[in-house]
């Protein structure tokens, strides 16, 4: 995956979330969640310069809305 599909700040935030999950859930479940997030990123690539939005997948909403 390149920076053009998922910006580094978003990737870092996702990694932090998964690290928190790994403390509570099994490694296998965290791995499946990670794969799902990567698949979602491949479907809807975000330009590196796009504003950070909240939500997952089709539920992304601009922060300034």
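Numbering (the working numbering), first residue to last: 691 to 755.
Every residue, glycine too, gets a C-beta built ideally from N, C-alpha and C.
Everything numeric in this text was worked out from a predicted model, so none of it was measured.
Option in the options with minimal Cα separation from residue i
i: residue 707; options: 718, 716 and 724; result: 724
Through-space distance from residue j to residue i, alpha-carbon basis
i: residue 701; j: residue 709; result: 12 Å
i: residue 719; j: residue 727; result: 13 Å
i: residue 732; j: residue 704; result: 15 Å
i: residue 721; j: residue 711; result: 10 Å
Three-state secondary structure (DSSP) of residue i
i: residue 725; result: helix
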